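2 protein chains.
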Amino acid sequence: MDEDRPKPPMSPEGTVPKAVVSRLSLYLRELQHLVQYGHETTSSTQLGTVLGFTDAQVRKDLAYFGQFGYPGIGYRCEELIAAIKQILGTDRSWPVALVGLGNLGRALLRYRGFGQQGFRVVAAFDVDDAIVGQHIEQIPVYHLDQLTEVIDELEIRLAIIAVPSPEAQGVATLLAAAGIVGILNFAPVTIALPSSVKHVEVDLAIELEQLSFAVVNRSEKT
Amino acid sequence: MDEDRPKPPMSPEGTVPKAVVSRLSLYLRELQHLVQYGHETTSSTQLGTVLGFTDAQVRKDLAYFGQFGYPGIGYRCEELIAAIKQILGTDRSWPVALVGLGNLGRALLRYRGFGQQGFRVVAAFDVDDAIVGQHIEQIPVYHLDQLTEVIDELEIRLAIIAVPSPEAQGVATLLAAAGIVGILNFAPVTIALPSSVKHVEVDLAIELEQLSFAVVNRSEKT
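Heads up: the protein sequence lines correspond to chains D and P, in order.
Under my numbering, the first residue of the first sequence carries the number 177, and numbering increases by one thereafter.
Under my numbering, the first residue of the second sequence carries the number 177, and numbering increases by one thereafter.
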């Protein structure tokens, strides 16, 4: 699918605004839907309309990474999917460690959306002797004490934290020391880490705030 | 705290870009942290630095809603928190319905972050007779058949869907018919609804994609 196409260049300064990168994920999802529904090509107008952006925004975002459209055709969906995956680094499969197997951790083990985008949870960690040594959702559960060893052995670079808030910082520090370079933190607490470790805090209330904004502004217009 | 300050005006066209609204949530969180750590005032530079935006971006975003800074002082944290909450509609408490009490639903019931921002889950719904009629995390669990009646009685406007993907559309349609106007959908599937119902699809893989982008671009620079 990739045909030895040269790697899309970054912007001249080598930095891309975060908002552009997060829109890439949205474009990717929409392109994947289009392919599911049998579309072979699309346009910046079509992509933009579905997602609520202008066609100019779509073109400008993609232009950070190269030239993807064809005159008179638009974008070839499969080709643009492959290019965006390469840009996002999801053209490969990422083994992921999950720490914490309470309700949230177990829900994340079952979450299909990760696997669909190339993220495979390959090891789970907890301190509960009742589950350590078992498999949950076919994933082996290790004791937290084995973290460094397992991460090293399985060459894991990304991890998800789903432990209670008071434990989150300790786990994050352990993960960083074990060589993890990207952390997705679901504990509703900010963690401090060396700048070499990228981390994203998932704040689920933000989505509800966006909804309440939409609802309030809708109500007040009627 | 609100002192009858006039409601902040919207932009002349009455529309604010979605990205600006989502940054409001980030400013709010950071201001809440600052207050926790004893800060009474802040600046666009300080807010921007922590969040990775320029100070100009911060000022421009806030300017959509009014004039909040004071010469020689900057922003008064508590005052700006109150203003942003009013803009987002979280200056009030929102009762929320949660549908689906599998692992994810139960994790969401325990999630502290919602309550901290004014969202209270007041009713949960499932079809499992083993839990209908019980309380989980002190929240009453009703049968899905009671949805319309309970939503009406408790005057609920927002709902969270945490059911398996195949059930999500049916539940969404039920919720819309029951008078729900904002839906947060955790099922990894796109739902179709009348445009009068706002809905946000939570796609947890997007966060991992952002991480892999950061990690790939970090690795390739070293």
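Where is the CB? At the ideal position from N, CA and C, for every residue including glycine.
The structure presented is a predicted model; accordingly, all values stated were derived computationally and were not measured.
**Message:** So if I threshold CB-CB distances at 7 Å, which residues from the region 306-337 of chain D count as touching chain P?
**Reply:** 333 and 334
**Asked** With DSSP run on the structure shown, which of helix, strand or coil describes residue 313/P?
**Response** Residue mapping note: residue 313/P aligns to position 137 of the second sequence, counting from 1. The answer is coil: DSSP assigns residue 313/P none of H, G, I, E or B.
**Request:** Determine, using beta carbons only, whether residue 348/P and residue 337/P come nearer to each other than 8 Å.
**Result:** By 1-based counting over the second sequence, the position of residue 348/P is 172. By 1-based counting over the second sequence, the position of residue 337/P is 161. Yes, the pair counts as a contact, with Cβ atoms nearer than the cut-off.
**Request:** Tell me residue 359/P's beta-bridge partners as DSSP assigns them.
**Result:** Counted from its first residue, the second sequence places residue 359/P at position 183. 335/P and 375/P.
**Sufficient close CB pairs (3 or more, under 8 Å) joining the region 282-301 of chain P to the region 314-334 of chain P** = yes
**Asked** How far does the beta strand (DSSP E) with residue 365/P in it reach, from first residue to last?
**Response** For the purposes of this step, residue 365/P is taken as the residue at position 189 of the second sequence. Neither: residue 365/P is in no beta strand (DSSP E) and is coded neither H nor E.
**Prompt:** Nearest-angstrom Cα distance between residue 238/P and residue 290/P?
**Reply:** As a position in the second sequence, residue 238/P is number 62, starting the count at 1. As a position in the second sequence, residue 290/P is number 114, starting the count at 1. Approximately 24 Å, taken between the alpha carbons.
**Near-chain P residues of the region 267-280 of chain D (beta-carbon distance less than 8 Å), N- to C-terminal order** = 270, 272, 278, 279 and 280
**Request:** For residue 375/D, count neighbouring C-beta atoms within 10 Å of its own C-beta (all shown protein chains included) and say buried if the count is 16 or more, exposed if not.
**Result:** Within the first sequence, numbered from 1, the residue matching residue 375/D stands at position 199. Per the 10 Å Cβ criterion, buried.
**Prompt:** Does any CB atom of chain D fall closer than 8 Å to the CB of residue 374/P?
**Reply:** The sequence position of residue 374/P within the second sequence is 198, counting from 1. Interface residue, yes.
**Message:** Would you say residue 215/P lies against chain D (beta-carbon separation less than 8 Å)?
**Reply:** For the purposes of this step, residue 215/P is taken as residue 39 along the second sequence, with counting starting at 1. Not one chain D Cβ lies under 8 Å of residue 215/P.
**Prompt:** With distances taken from CA atoms, which of 379/D, 387/D and 252/D is nearest residue 287/P?
**Reply:** Your numbering for residue 287/P matches position 111 in the second sequence. The shortest Cα separation from residue 287/P among 379/D, 387/D and 252/D belongs to 379/D.
**Message:** I'd like to know if residue 386/P contacts chain D, where contact means its C-beta is closer than 8 Å to some C-beta of that chain.
**Reply:** On the second sequence, residue 386/P is found 210 positions in, with the first residue counted as 1. It does: the Cβ of residue 386/P has a partner Cβ on chain D nearer than 8 Å.
**Request:** Could you work out which residue in 259/P, 341/P, 382/P and 369/P is closest to residue 350/P when comparing CA atoms only?
**Result:** Counted from its first residue, the second sequence places residue 350/P at position 174. Out of 259/P, 341/P, 382/P and 369/P, 369/P has the C-alpha closest to the C-alpha of residue 350/P.
**Request:** Kindly indicate if chain P contains any beta-carbon less than 8 Å away from that of residue 439/D.
**Result:** Summary: the structure shown does not reach residue 439/D, with chain D confined to residues 177 through 398, and so no result is reported for it.
**Message:** Going by C-alpha to C-alpha distance, which of 277/D, 204/D and 330/D sits closest to residue 308/D?
**Reply:** Translated into positions along the first sequence, residue 308/D becomes position 132. If we check each option's Cα against that of residue 308/D, 277/D comes out closest.
**Item:** Coil, strand or helix - residue 281/D by DSSP
**Value:** Sequence index remark: in the first sequence, residue 281/D carries index 105 (1-based). Reduced to three states, the DSSP call for residue 281/D is helix.
**Item:** residue 227/D versus residue 193/P: straight-line alpha-carbon distance, rounded
**Value:** As a first step, residue 227/D must be located in the first sequence, where it is residue number 51. As a first step, residue 193/P must be located in the second sequence, where it is residue number 17. When rounded, the distance between both Cα atoms is 13 Å.
**Message:** I need the boundaries of the beta strand (DSSP E) containing residue 296/P, first residue and last residue.
**Reply:** Mapped onto the second sequence, residue 296/P falls at position 120. Start and end: 295-302.
**Item:** Between the CA atoms of residue 279/D and residue 343/D - distance to the nearest angstrom
**Value:** Taking the first residue of the first sequence as 1, we reach residue 343/D at position 167. Taking the first residue of the first sequence as 1, we reach residue 279/D at position 103. Residue 343/D and residue 279/D: Cα-Cα distance of roughly 16 Å.
**Asked** With which residues is residue 137/D paired in a DSSP beta bridge?
**Response** Residue 137/D lies beyond the residue range present for chain D, which begins at 177 and ends at 398; the question has no answer from this structure.
**Asked** Taking Cβ positions only, does residue 239/P come closer than 8 Å to chain D?
**Response** As a first step, residue 239/P is located in the second sequence; it is residue number 63 there, counting from the start. Chain D, which has no Cβ nearer than 8 Å to the Cβ of residue 239/P, makes this no.
**Item:** C-beta contact flag for residue 334/P and residue 358/P at 8 Å
**Value:** On the second sequence, residue 334/P is found 158 positions in, with the first residue counted as 1. On the second sequence, residue 358/P is found 182 positions in, with the first residue counted as 1. Yes.
**Request:** Check each residue of the region 201-234 of chain P: if its Cβ is closer than 8 Å to any Cβ of chain D, include it; give the result in chain order.
**Result:** 201, 202, 204, 205, 209 and 228
**Message:** I'd like to check one pair, residue 207/D with residue 257/D: are the Cβ atoms closer than 8 Å?
**Reply:** Here residue 257/D is taken as the residue at index 81 of the first sequence, counted from 1. Here residue 207/D is taken as the residue at index 31 of the first sequence, counted from 1. Going by C-beta atoms, residue 257/D is nearer than 8 Å to residue 207/D.
**For residue 356/D and residue 328/D, the rounded distance between their alpha carbons** = Locating residue 328/D in the first sequence gives position 152, counting from the first residue. Locating residue 356/D in the first sequence gives position 180, counting from the first residue. When rounded, the distance between both Cα atoms is 9 Å.
**Asked** Using the C-alpha atoms, what's the distance from residue 317/D back to residue 311/D?
**Response** Looking up residue 311/D in the first sequence gives position 135. Looking up residue 317/D in the first sequence gives position 141. In a straight line, the C-alpha of residue 311/D is about 6 Å away from that of residue 317/D.
**Prompt:** Is it right to say residue 330/D is buried, meaning 16 or more other beta carbons lie within 10 angstroms of its own, or is it exposed?
**Reply:** Locating residue 330/D in the first sequence gives position 154, where the first residue counts as 1. It counts as exposed.
**Request:** Output, in chain order, the set of chain P residues within a Cβ distance shorter than 7 Å of residue 360/D.
**Result:** Reading the first sequence from its first residue, position 184 is the one you call residue 360/D. For residue 360/D, the C-beta contacts it makes with chain P under 7 Å involve 383, 384 and 387, in order along the chain.
**Asked** Between the C-alpha atoms of residue 216/P and residue 341/P, what's the straight-line distance to the nearest angstrom?
**Response** Position 40 of the second sequence, counted from the start, is the residue given in the question as residue 216/P. Position 165 of the second sequence, counted from the start, is the residue given in the question as residue 341/P. For residue 216/P and residue 341/P, the distance between alpha carbons rounds to 46 Å.
**Asked** Under a Cβ-count criterion, where at least 16 other Cβ atoms within 10 Å of its own Cβ denotes burial, should residue 205/P be classed as buried or exposed?
**Response** Taking the first residue of the second sequence as position 1, residue 205/P is located at position 29. Buried is the call here.
**Request:** Check the Cβ-Cβ distances between residue 194/D and every residue of chain P, and say whether any is below 8 Å.
**Result:** Reading the first sequence from its first residue, position 18 is the one you call residue 194/D. For residue 194/D, the answer is yes, since a Cβ of chain P falls inside 8 Å of its Cβ.
**Prompt:** With 16 as the cutoff for other CB atoms within 10 Å, does residue 390/D come out buried or exposed?
**Reply:** By 1-based counting over the first sequence, the position of residue 390/D is 214. Under this definition residue 390/D is a buried residue.
**Prompt:** Do residue 224/P and residue 234/P come within 8 Å of each other at the CB atom, strictly closer than that value?
**Reply:** Reading the second sequence from its first residue, position 58 is the one you call residue 234/P. Reading the second sequence from its first residue, position 48 is the one you call residue 224/P. Cβ distance < 8 Å, so residue 234/P and residue 224/P count as in contact.
**Request:** Using only alpha-carbon positions, find the residue among 222/P, 284/P, 394/P and 293/P that is nearest to residue 249/P.
**Result:** Within the second sequence, residue 249/P is the residue found at index 73, counting from 1. Considering only alpha carbons, the answer is 222/P.
**Message:** Does any residue of chain P have a CB that is nearer than 8 Å to the CB of residue 379/D?
**Reply:** Indexing the first sequence from 1 puts residue 379/D at position 203. True, the Cβ-Cβ gap to chain P drops below 8 Å.
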